[in-house]
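Everything below concerns the one structure shown next.
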Amino acid sequence: QVHLVESGGGLVQAGGSLRLSCAASVSMFEMGWYRQAPGKQRELVAMITRGRRTNYGDSVKGRFTISRDNIKNTALLQMNSLKPEDTAVYYCTGRSIITAPATWGQGTQVTVSS
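Residue 173 is where the sequence shown starts when you use this note's numbering, and the numbers rise one by one after that.
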């Protein structure tokens, strides 16, 4: 069974930076984050495959960078130039193999004050 443990997040002023990390209990085909703000649908933030192919949501391109350590089964999300609209609960997610259903972490709150 796959488990994802998230860390990071918190409160930061607009223009600041935060970093999220996600540790998986097994090797993952792909890992990344989605986020959900109050009253809004969950949306893609960034995903990265084992081969380090990345996919970013349009709203974070150029500001967020995702990376991973395949030996440690961890992913990192560096978030720069944060905006109040980045405020949301960020959920780590991933799949151990391409055909597996997604596993979700517990979520971590990111709050950006103006």
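Where is the CB? At the ideal position from N, CA and C, for every residue including glycine.
Our two residues, asparagine 242 and aspartate 230, have alpha carbons roughly 26 Å apart in a direct line. Unbroken alpha helix (DSSP H) stretches of 4 residues or longer found wholly inside the segment 188-248: none. A straight-line Cα-Cα distance of about 14 Å links glutamine 185 and alanine 260. When the beta-carbon positions are compared, arginine 207 and tyrosine 263 come within less than 8 Å of each other. Nearest neighbour of serine 286 by Cα position, chosen from Gly181, Ser268 and Gly188, turns out to be Gly188. Nearest in C-alpha terms to valine 232, of all of Met219, Arg225, Arg224 and Arg240, is Met219.
Within the DSSP bridge table, the entry for glutamine 185 names Ser285 as partners. Around the beta carbon of glycine 277, a 10 Å sphere encloses 16 or more other beta carbons of the protein chains shown; the residue is thus reported as buried.
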